[in-house]
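Here the structure is laid out as structure tokens; the discussion comes afterwards.
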Amino acid sequence: MNRVADIIKILDARSYNIGKSEREIVGGYAGDFLSFVMGRAPSSCAWFTVMTNVNVCAVATLADVGVVVLCEGVEPSEQLLDKAKEHSVNLIGTDLDVFEAVKKYSEL
Amino acid sequence: MSDVIHLEFDVAGNNFVSAGTATNQVKDTLRNLGIPNQDVRRIAIAMYEAEINMVIHACGGKATADIYADKIEVVLEDHGKGIENIELAMQPGWSTASEDIRGLGFGAGMGLPNIKKYTDEFKIESEVGKGTKVYLRVNFS
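Order-wise, the sequence lines are chains P and E. Going letter by letter, the first sequence gives residues 0 to 107 in numbering that gives the first Met the number 0. Going letter by letter, the second sequence gives residues 0 to 140 in numbering that gives the first Met the number 0.
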């Protein structure tokens with residue numbers, strides 16, 4: 000059973016917002032087109048993306064994503080950060096690229 | 000059967016910060032009613048796709064949600080430019096979104112296919128130059 004803290008540790012990630020620390024994270028999805036994410040990402044998953052705009056929060060909330068993992072060292076926009084706090088969305092960031100981040104995550 | 004809850008929303012056009020507000024309120028209402036998570040997720044995704052379409056393509060519009068004991072019906076209506084060829088628009092990957100919109104992560108051509116995937120009924124009526132009306136229904140499990 001993985002929690003956000005486990006993922007932060009293995010990805011050496013920064014935590015931008017931990018809205019639900021006890022949430023169980025299951026499975027994953029990697030991608031940036033938001034409709035693909037909504038069409039394919041499973042509920043409670045870790046979503047790996049380089050998208051940083053405010054719509055990321057809407058998609059994460061509506062698709063019931065467990066944690067958003069911003070990759071490649073990108074930082075959330077101010078609007079995204081505000082919305083993540085407002086909606087208690089787990090939002091973390093890593094310097095790893097998407098491929099490396101997913102590889103590490105799969106070791107958990 | 001009488002309505003349990005009727006909700007109405009104005010959706011602002013070209014505003015990506017407020018986009019999703021109507022959907023979020025519907026989602027929160029359903030959660031508070033104890034509707035199963037998977038059903039909430041299905042209508043939330045379908046409605047958000049439709050709401051985003053109004054924001055991107057139609058300068059906004061109106062949305063209503065009627066929540067019954069066993070289902071939710073959502074209608075989104077705009078007075079935008081309309082859809083020329085609905086059959087084409089339904090094809091996965093087909094999009095008329097600009098590069099700017101694609102830069103925001105939209106315009107993958109998966110919006111309408113997603114709506115179809117997640118709803119139990121999806122109807123779309125559109126007239127070029129007049130607008131578009133979308134009906135969504137999700138039955139509760």
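Backbone N, C-alpha and C define an ideal beta-carbon position, used for all residues, glycine too.
Exercise. Under a three-way DSSP split, which group does ALA62 of chain E fall into?
Worked result: strand
For this session: Below 7 Å CB to CB, which residues in the same chain sit around GLY128 of chain E once its five sequence neighbours on both sides are set aside?
Result: LYS80 and GLY81
Exercise. Apart from the five residues just before and just after GLY108 of chain E, which ones in its own chain have a Cβ nearer than 7 Å to its Cβ?
Worked result: PRO91, GLY92, TRP93 and SER94
For this session: Just tell me which of P:SER34, P:GLN78 and P:ARG13 has its CA closest to the CA of LYS116 of chain E.
Result: P:SER34
Exercise. So, using beta-carbon positions, are ILE24 of chain P and ARG2 of chain P closer together than 9 Å?
Worked result: yes
Exercise. Is the beta carbon of THR93 of chain P sitting closer than 9 Å to the one on ARG22 of chain P?
Worked result: no
Exercise. Cα separation between ALA68 of chain E and GLU106 of chain P?
Worked result: 44 Å
For this session: Spatial neighbours of ALA45 of chain E within its chain, please: CB distance less than 6 Å, with the 5 preceding and 5 following residues excluded, ordered by chain position.
Result: ILE114, TYR117, THR118 and LEU135
Exercise. Is the number of C-beta pairs between the region 58-77 of chain P and the region 29-45 of chain E that are closer than 8 Å three or more?
Worked result: yes
Problem set entry | Nonlocal neighbours in the same chain, by C-beta distance under 8 Å from LYS84 of chain P, ignoring five residues either side | ASN16 and GLY18
Exercise. What residues are listed by DSSP as bridge partners for ASN84 of chain E?
Worked result: Answer is none; ASN84 of chain E lacks a bridge partner.
For this session: Can you give me the start and stop residues for the beta strand (DSSP E) that ILE123 of chain E sits inside?
Result: 120-126
Problem set entry | Other residues of its chain near ASP31 of chain P: CB distance less than 8 Å, five sequence neighbours each side excluded | THR48, VAL49 and MET50
For this session: With DSSP as the reference, label ASP9 of chain E as helix, strand or coil.
Result: strand
Exercise. Expressed to the nearest angstrom, what Euclidean distance is found between the alpha-carbon atoms of PHE121 of chain E and LYS8 of chain P?
Worked result: 43 Å
Exercise. Per DSSP, what kind of secondary structure is ASP81 of chain P in: helix, strand or coil?
Worked result: helix
Problem set entry | Residue from P:GLN78, P:ALA29, P:GLY72 and P:PRO41 with nearest C-alpha to ASP11 of chain P | P:GLY72
For this session: Check distances from the C-beta atoms of the region 51-75 of chain P to those of chain E and list, in chain order, the residues that come in under 9 Å.
Result: ASN52, VAL53, ASN54, VAL55, CYS56, ALA57, VAL58, THR60, LEU61, ALA62 and ASP63
For this session: Note down, in chain order, every chain E residue with its Cβ under 7 Å from the Cβ of LEU33 of chain P.
Result: GLY104 and PHE105
Exercise. Which stretch, first to last residue, makes up the beta strand (DSSP E) that contains ILE44 of chain E?
Worked result: It is not in any beta strand (DSSP E) - ILE44 of chain E instead sits in the alpha helix (DSSP H) that spans 36-56.
Exercise. What's the gap between the Cα of GLU76 of chain E and the Cα of GLY26 of chain P?
Worked result: 36 Å
For this session: Establish whether the CB of MET0 of chain P and some CB of chain E are separated by less than 9 Å.
Result: no
Problem set entry | Beta carbon of ILE143 of chain E nearer than 9 Å to that of LEU111 of chain E | Since the first residue of chain E shown is 0 and the last is 140, residue 143 of chain E is not available in this structure.
For this session: Use the C-beta contact count for GLU48 of chain E: other C-beta atoms within 10 angstroms, 16 or more gives buried, fewer gives exposed.
Result: buried
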